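Visitor: Below you will find the structure I want to go over with you.
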Amino acid sequence: MLGVASGKLSSWISRQILHYSSVGGYLETVIQLVKPNWRDGYYRAEIVAVKKLHANTVEVQLKVPSYWPVHKAGQHLELTLEIDGRLVTRLFTIASSPSLAKSKRLVRLVVKSQPHGILTPKLEALALGSWVNVSKPSGDFTFQFNLQPEQRALFLAAGSGITPFIAMLNAMLNNMLDDQSRSNKHERDANVSALHLVYYAKPGEHLLLDELEVIAEQLDFFTFELLTRTKDGELSKKLPTLNADALYVCGPSPFYHAAAEFAKRENLPIYAEHFSLIPTTPDEQQTFTAQLNSELIELTNAEPVLTQLLAKGRQLTYGCKMGICHQCQCVKKSGVVKNLRTGEVSDRGEELIQLCVSQLMTDVELEA
Amino acid sequence: MISLTSEKTNQKPSQLASQELNQKPSHKTEPNYEQLGQQLDGLRAETMAKVGQEDANYIRLIIRLQRLVQWSGRILIVLGFVSPILWAIGVLLLAAGKILDNMEIGHNVMHGQYDWMNDKHINSKAYEWDIACDGASWNRVHNYEHHTYTNIVGKDRDYGYGLLRLSNDFAWRVKNLWQFVTYILLSVLFQWGIAYHEMAAERVFFGKKKDNRQHKISHAELKQRFFSKGARQLVTDYVIFPLLAGPFFLWVLVGNLVANLLRNLWTSTIIFCGHFTEHAQVFQEAECKNESKGQWYYRQALGSSNIKGGNWFHVSTGHLSFQIEHHLFPDMPARRYREVAPRVKEIFAQHGIHYNTGSFLRQYASVLKRIIRYSFP
Ligand SMILES: Cc1cc2nc3c(=O)[nH]c(=O)nc-3n(C[C@H](O)[C@H](O)[C@H](O)COP(=O)(O)OP(=O)(O)OC[C@H]3O[C@@H](n4cnc5c(N)ncnc54)[C@H](O)[C@@H]3O)c2cc1C
Ligand code: FES
Numbered sequence: 030m031l032g033v034a035s036g037k038l039s040s041w042i043s044r045q046i047l048h049y050s051s052v053g054g055y056l057e058t059v060i061q062l063v064k065p066n067w068r069d070g071y072y073r074a075e076i077v078a079v080k081k082l083h084a085n086t087v088e089v090q091l092k093v094p095s096y097w098p099v100h101k102a103g104q105h106l107e108l109t110l111e112i113d114g115r116l117v118t119r120l121f122t123i124a125s126s127p128s129l130a131k132s133k134r135l136v137r138l139v140v141k142s143q144p145h146g147i148l149t150p151k152l153e154a155l156a157l158g159s160w161v162n163v164s165k166p167s168g169d170f171t172f173q174f175n176l177q178p179e180q181r182a183l184f185l186a187a188g189s190g191i192t193p194f195i196a197m198l199n200a201m202l203n204n205m206l207d208d209q210s211r212s213n214k215h216e217r218d219a220n221v222s223a224l225h226l227v228y229y230a231k232p233g234e235h236l237l238l239d240e241l242e243v244i245a246e247q248l249d250f251f252t253f254e255l256l257t258r259t260k261d262g263e264l265s266k267k268l269p270t271l272n273a274d275a276l277y278v279c280g281p282s283p284f285y286h287a288a289a290e291f292a293k294r295e296n297l298p299i300y301a302e303h304f305s306l307i308p309t310t311p312d313e314q315q316t317f318t319a320q321l322n323s324e325l326i327e328l329t330n331a332e333p334v335l336t337q338l339l340a341k342g343r344q345l346t347y348g349c350k351m352g353i354c355h356q357c358q359c360v361k362k363s364g365v366v367k368n369l370r371t372g373e374v375s376d377r378g379e380e381l382i383q384l385c386v387s388q389l390m391t392d393v394e395l396e397a
Numbered sequence: 011m012i013s014l015t016s017e018k019t020n021q022k023p024s025q026l027a028s029q030e031l032n033q034k035p036s037h038k039t040e041p042n043y044e045q046l047g048q049q050l051d052g053l054r055a056e057t058m059a060k061v062g063q064e065d066a067n068y069i070r071l072i073i074r075l076q077r078l079v080q081w082s083g084r085i086l087i088v089l090g091f092v093s094p095i096l097w098a099i100g101v102l103l104l105a106a107g108k109i110l111d112n113m114e115i116g117h118n119v120m121h122g123q124y125d126w127m128n129d130k131h132i133n134s135k136a137y138e139w140d141i142a143c144d145g146a147s148w149n150r151v152h153n154y155e156h157h158t159y160t161n162i163v164g165k166d167r168d169y170g171y172g173l174l175r176l177s178n179d180f181a182w183r184v185k186n187l188w189q190f191v192t193y194i195l196l197s198v199l200f201q202w203g204i205a206y207h208e209m210a211a212e213r214v215f216f217g218k219k220k221d222n223r224q225h226k227i228s229h230a231e232l233k234q235r236f237f238s239k240g241a242r243q244l245v246t247d248y249v250i251f252p253l254l255a256g257p258f259f260l261w262v263l264v265g266n267l268v269a270n271l272l273r274n275l276w277t278s279t280i281i282f283c284g285h286f287t288e289h290a291q292v293f294q295e296a297e298c299k300n301e302s303k304g305q306w307y308y309r310q311a312l313g314s315s316n317i318k319g320g321n322w323f324h325v326s327t328g329h330l331s332f333q334i335e336h337h338l339f340p341d342m343p344a345r346r347y348r349e350v351a352p353r354v355k356e357i358f359a360q361h362g363i364h365y366n367t368g369s370f371l372r373q374y375a376s377v378l379k380r381i382i383r384y385s386f387p
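Top to bottom, those sequences are chains A and B. Under this note's numbering, the first residue of the first sequence carries the number 30, and numbering increases by one thereafter. Under this note's numbering, the first residue of the second sequence carries the number 11, and numbering increases by one thereafter.
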């Protein structure tokens, strides 16, 4: 009651007197004097550990504020850094358990640095004790505890795609330890009969092996195997040798396609998390004219609009490049585009579109 | 009351107009437009490549300073009962806060100079300033029309604000005789003048409705926005804050009135010095059809004038003391005008273009002279 009233008062003050969408936004620069990098509409997180796991992979531990809504294992968050004066936001899966976030307010990210990427190469240089911004967690790639007894779930991970599984496994381990300390009786998780992880990576680049071993030791229904494509062959060859009732996949698109095909053939449920857009190639390649603000640019329908504009050197804001974060949103004044994520075809008229998942169907007029 | 019934263009046959223009010194020898365009484009690209953390830190620093100045001003005004000196300092601080908000922050942020920061508050779509004029309306008239059609007779509604006759390209009317008084009134009420500007030109309230303009926004919405932003402004400064001060109601009311007046005088003076000095030229629409980038730059250059001064002076004008650079590069973070100015001057010299700059007093005297000169036929 009081909260609603004070919320209303503060929004009235901000609009009437401050001409800002929020009091926090108005005072942001002043609050930053006391709380570095405090930003209206974001959570502020402190860097408490940065560790290099591999030549191109870094582990970052963040301390989130107590009012941060704790995630479900498998969810991701948006990480925002100020890079040369510009706020850059990218998505990362939380590679740690909800109980760690609850008890110690710690959240871990395990990030592969992208060659020529804007944000990921900066992470290893983050200073301990410095502050970054994060969003609340979101995403629906979480473990569904709906398997019957004696059924097997199969986790399929490739490269940095191990992160959601690490979060899920740690969550299961914590639940088990909690149950044990409560009932003092060794009981297996009633809902899962067996869980097997197939983890593909380049030779010597499997991540978090120590952790996986500890988990496998403690969770007696969990097993894992480490594979490399060069030595062990493609996932499509591997899958028929495994015995599974449900698939969970996180890896690049060819990896996902192999799993999806198998699931379809065997009629198995499949749950997947994608770190990037699954590319689609149109039947017939066509070239269109896009008007971006006042400039005319030739674009094709072979790739999303954003990818092509970035390749042509246009400065545009983006984040996930796969239709989740809405940072690439812009106004389409006219023309038809297809949303590659939903398959939906737009109207001709004015509407907001996400450039990263928009495929041209006609000439368009854009305002970015 | 001053009447704000939009442009009185009455264009003369274009022959006559261009004859007149030809008499002006710098319009005679034409520069190499292609080279001029390339040089200025190059200068822009080179400078924009440097824009980064430094510029973000700067605008955040100015915003922080604005908050501190404005609120200490508001507090000191109430403390007027302790000593009138505190009140006076408070009024000056509040005026300074409003000037910082309107010029260095509002004007520049709304020009999109900081859009690259990707900050949800510091960008041209989100920012709303502490002034009677609705930001979106200003964005349409000023940002689009004035900066695209700079000083083109009949196209740039900022030119003389439809009130003052500042060139022979406009027909003389009897009311121009007392336009000096109109000018003073416009300065005093400058924020309301700008707020009313788009509606006057669109003839929302008075005058014949014109059909030749493409309406970007309905008259009903214009009216609604004018009244809601204007009312917000009046209520805040003349009702809410005075009431909050309780027994010191009058101190605060008068303090706010004076602060707004100072802000109005300062902003209008700076803006007049940037556009309406003696040598600033006007153009005919026909001259500007199909113009190249170089020609566009040339028109921007001749329509503007700079004011010399120290760094704090530049900050207090929102770097509109670099009006020439602002017109060449409207979306470049304004503090960068300081470093591009010497290069612009060099390029102008190469092409024989007059770089109009001078001290504040000289430029202001020149504006006043022009207003008086064109009061007469
Ligand atoms: C839900 C979700 C969860 C994720 N979880 C994780 C995780 O746990 N761990 C992890 O490591 N990653 C994760 N990712 C992926 C991660 O978000 C990306 O790796 C990250 O966004 C890359 O950001 P960047 O700024 O470094 O690279 P960007 O600048 O965004 O570039 C990405 C790649 O595109 C290339 N590129 C950029 N511009 C161009 C251009 N003009 N032409 C050609 N190529 C170009 C770059 O070279 C680079 O390789 C996740 C992604 C999603 C959507
Ligand atoms: S970049 Fe995230 S939705 Fe397009």
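Where is the CB? At the ideal position from N, CA and C, for every residue including glycine. Since this is a predicted model, take the numbers as computed values, not measurements.
1. Can you tell me which residues form a DSSP beta bridge with A/ILE382?
2. Measuring only the C-alpha atoms, how far is A/ALA102 from A/VAL360?
3. In chain A, which residues lie with their C-beta within 9 Å of the C-beta of B/LYS60?
4. Ignore the nearest five residues each way along the sequence and tell me which others in A/GLU332's own chain have a CB closer than 6 Å to its CB.
5. For the stretch 109-123 of chain B, which residues have a CB atom closer than 8 Å to at least one CB atom of chain A, in sequence order?
6. Quick one: is A/ASP207 buried, meaning 16 or more other Cβ sit within 10 Å of its Cβ, or exposed?
7. Would B/ARG235 pass as an interface residue toward chain A - the criterion being a Cβ-Cβ separation below 8 Å?
8. Anyone know if the C-beta pair for B/LEU196 and B/ILE381 falls short of 8 Å?
9. When every heavy atom of ligand 1 is checked, does at least one fall within less than 7 Å of the C-beta of A/ARG119?
10. Expressed to the nearest angstrom, what Euclidean distance is found between the alpha-carbon atoms of A/THR149 and A/LEU91?
11. Can you tell me whether A/GLY146 is buried or exposed? The criterion is at least 16 other CB atoms within 10 Å of its CB, across all chains shown.
12. Secondary structure at B/GLN29, three-state DSSP: helix, strand or coil?
13. Closest to A/ASP376 by C-alpha separation, out of A/THR346, A/SER363, A/LEU328, A/SER387, would be which residue?
14. Find out if the Cβ-Cβ distance for the pair A/VAL386, A/LEU369 is shorter than 8 Å.
15. State yes or no: is the beta carbon of B/ALA136 nearer than 8 Å to at least one beta carbon in chain A?
16. Any heavy atom of ligand 2 closer than 7 Å to the CB of A/GLN15?
17. Exposed or buried, B/PHE251, counting other C-beta atoms within 10 Å across all chains shown (16 or more means buried)?
18. In angstroms, rounded to a whole number, what distance separates the CA positions of A/GLN320 and B/ALA311?
19. My output table needs one value for B/SER93: the three-state DSSP class, helix, strand or coil.
20. Indicate whether at least one CB of chain B lies closer than 8 Å to the CB of A/LEU56.
21. Count the other CB atoms, across all protein chains shown, that sit within 10 Å of the CB of B/HIS324; report buried if there are 16 or more and exposed otherwise.
22. Go ahead and label A/LEU264 buried or exposed: buried means 16 or more other beta carbons lie within 10 angstroms of its beta carbon, across all protein chains shown.
23. In chain order, what residues of the same chain have a beta carbon less than 7 Å from the beta carbon of A/VAL93, not counting five sequence neighbours either side?
24. Between A/GLN90 and ligand 1, is there a pair consisting of the residue's CB and a ligand heavy atom that are separated by less than 7 Å?
25. State whether the stretch 246-265 of chain A contacts the stretch 229-236 of chain A, with contact taken as three or more CB pairs (one from each stretch) at a distance under 8 Å.
26. At 7 Å on the CB atoms, spell out the chain A contacts of B/ILE204, in chain order.
27. Nearest to B/ARG309 by CA position, among B/ASN316, B/ILE95, B/LEU338, is which residue?
28. Going by the beta-carbon positions, is the gap between B/CYS283 and B/VAL377 smaller than 8 Å?
29. Which same chain residues, not among the five before or five after A/GLN315, have their C-beta less than 6 Å away from its C-beta?
30. Examine chain A for any beta-carbon lying closer than 8 Å to the beta-carbon of B/ASN128, and answer yes or no.
31. List in chain order: all unbroken beta strand (DSSP E) runs of 3+ residues lying wholly within the stretch 266-299 of chain A.
32. For the pair the stretch 135-143 of chain B and the stretch 198-205 of chain B, tell me if three or more CB-CB distances fall below 8 Å.
33. B/ARG54 and B/MET342 look like a contact to me (Cβ under 8 Å); what is the Cβ gap, rounded to whole Å?
34. By the three-class DSSP mapping on this structure, what secondary structure does A/TYR229 have?
35. Which of the three DSSP states, helix, strand or coil, is assigned to B/HIS157?
36. Out of B/TRP148, B/PHE286, B/TRP261, state which residue places its alpha-carbon closest to the alpha-carbon of B/PRO94.
Guide: Quick answer:
1. Translated into the one-based positions of the first sequence, residue 382 of chain A becomes position 353. A/ILE382 is bridged to A/CYS359.
2. Here residue 102 of chain A is taken as the residue at index 73 of the first sequence, counted from 1. Here residue 360 of chain A is taken as the residue at index 331 of the first sequence, counted from 1. Straight-line Cα distance between these residues: approximately 35 Å.
3. Here residue 60 of chain B refers to the residue found at position 50 of the second sequence. Those do not exist, as B/LYS60 stays about 10 Å from chain A at its closest Cβ, beyond 9 Å.
4. On the first sequence, residue 332 of chain A is found 303 positions in, with the first residue counted as 1. Here the set comprises nothing.
5. Under the 8 Å Cβ criterion, the stretch 109-123 of chain B contributes no residue.
6. Reading the first sequence from its first residue, position 178 is the one you call residue 207 of chain A. Residue burial annotation: A/ASP207 is exposed, with fewer than 16 other C-beta atoms found within 10 angstroms of its C-beta.
7. Taking the second sequence and counting its residues from 1, one reaches residue 235 of chain B at position 225. Chain A contact via Cβ: absent.
8. Against the second sequence, residue 196 of chain B aligns to sequence position 186. Against the second sequence, residue 381 of chain B aligns to sequence position 371. Not a contact, by the Cβ cut-off of 8 Å.
9. Residue numbering aside, residue 119 of chain A sits at position 90 when the first sequence is read from its first letter. Indeed, a heavy atom of ligand 1 lies less than 7 Å from the Cβ.
10. In the first sequence, the residue the question calls residue 149 of chain A occupies position 120. In the first sequence, the residue the question calls residue 91 of chain A occupies position 62. C-alpha separation (whole angstroms): 15 Å.
11. Walking along the first sequence from the start, residue 146 of chain A turns up at place 117. A/GLY146 comes out exposed.
12. Within the second sequence, the letter at position 19 stands for residue 29 of chain B. The pLDDT assigned to B/GLN29 is 38, lower than 50, so where the model puts this residue is not dependable, and the model offers no usable value.
13. As a first step, residue 376 of chain A is located in the first sequence; it is residue number 347 there, counting from the start. Nearest of A/THR346, A/SER363, A/LEU328, A/SER387 to A/ASP376, Cα basis: A/SER363.
14. Residue mapping note: residue 386 of chain A aligns to position 357 of the first sequence, counting from 1. Residue mapping note: residue 369 of chain A aligns to position 340 of the first sequence, counting from 1. In this structure, A/VAL386 sits near A/LEU369, with a CB-CB distance shorter than 8 Å.
15. Numbered from its first residue, the second sequence carries residue 136 of chain B at position 126. With respect to chain A, the C-beta atom of B/ALA136 has a partner C-beta closer than 8 Å.
16. It is not possible to answer for residue 15 of chain A, since the shown part of chain A is limited to 30 through 397.
17. Residue 251 of chain B sits at position 241 when you count from the first residue of the second sequence. Buried is the call here.
18. Locating residue 320 of chain A in the first sequence gives position 291, where the first residue counts as 1. Locating residue 311 of chain B in the second sequence gives position 301, where the first residue counts as 1. Straight-line Cα distance between these residues: approximately 29 Å.
19. Counting from 1 along the second sequence, the entry for residue 93 of chain B is found at position 83. It is coil, neither helix nor strand.
20. The sequence position of residue 56 of chain A within the first sequence is 27, counting from 1. So yes, A/LEU56 belongs to the interface.
21. Start at 1 with the first residue of the second sequence, and residue 324 of chain B comes out as number 314. It counts as buried.
22. On the first sequence, residue 264 of chain A is found 235 positions in, with the first residue counted as 1. Answer is buried; the Cβ neighbour count reaches 16.
23. Here residue 93 of chain A refers to the residue found at position 64 of the first sequence. Hits under 7 Å: TYR72, ALA74, ALA130, ARG134, VAL136, VAL163.
24. Along the first sequence, one-based indexing puts residue 90 of chain A at 61. A/GLN90 has its Cβ no nearer than 7 Å to any heavy atom of ligand 1.
25. yes
26. Position 194 of the second sequence, counting from 1, holds the residue named residue 204 of chain B. Going along chain A, no residue has its Cβ under 7 Å from B/ILE204, so there is no contact; the nearest lies around 15 Å.
27. Working through the second sequence from its first residue, we reach residue 309 of chain B at position 299. The shortest Cα separation from B/ARG309 among B/ASN316, B/ILE95, B/LEU338 belongs to B/LEU338.
28. Your numbering for residue 283 of chain B matches position 273 in the second sequence. Your numbering for residue 377 of chain B matches position 367 in the second sequence. Against a cut-off of 8 Å, the Cβ pair of B/VAL377 and B/CYS283 comes out as a contact.
29. Sequence index remark: in the first sequence, residue 315 of chain A carries index 286 (1-based). Counting only Cβ-Cβ distances below 6 Å, and skipping sequence neighbours, we find ASN330.
30. On the second sequence, position 118 is the one that residue 128 of chain B refers to. Chain A, which has a Cβ nearer than 8 Å to the Cβ of B/ASN128, makes this yes.
31. 275-279
32. yes
33. If you number the second sequence from 1, residue 54 of chain B lands on position 44. If you number the second sequence from 1, residue 342 of chain B lands on position 332. Between B/MET342 and B/ARG54 the Cβ distance is about 7 Å, and since that is below 8 Å, they are a contact.
34. Against the first sequence, residue 229 of chain A aligns to sequence position 200. DSSP places A/TYR229 in strand when its eight states are reduced to three.
35. Sequence index remark: in the second sequence, residue 157 of chain B carries index 147 (1-based). DSSP places B/HIS157 within a helical segment (H, G or I) once states are collapsed to three.
36. The residue you call residue 94 of chain B lines up with position 84 of the second sequence. The shortest Cα separation from B/PRO94 among B/TRP148, B/PHE286, B/TRP261 belongs to B/TRP261.
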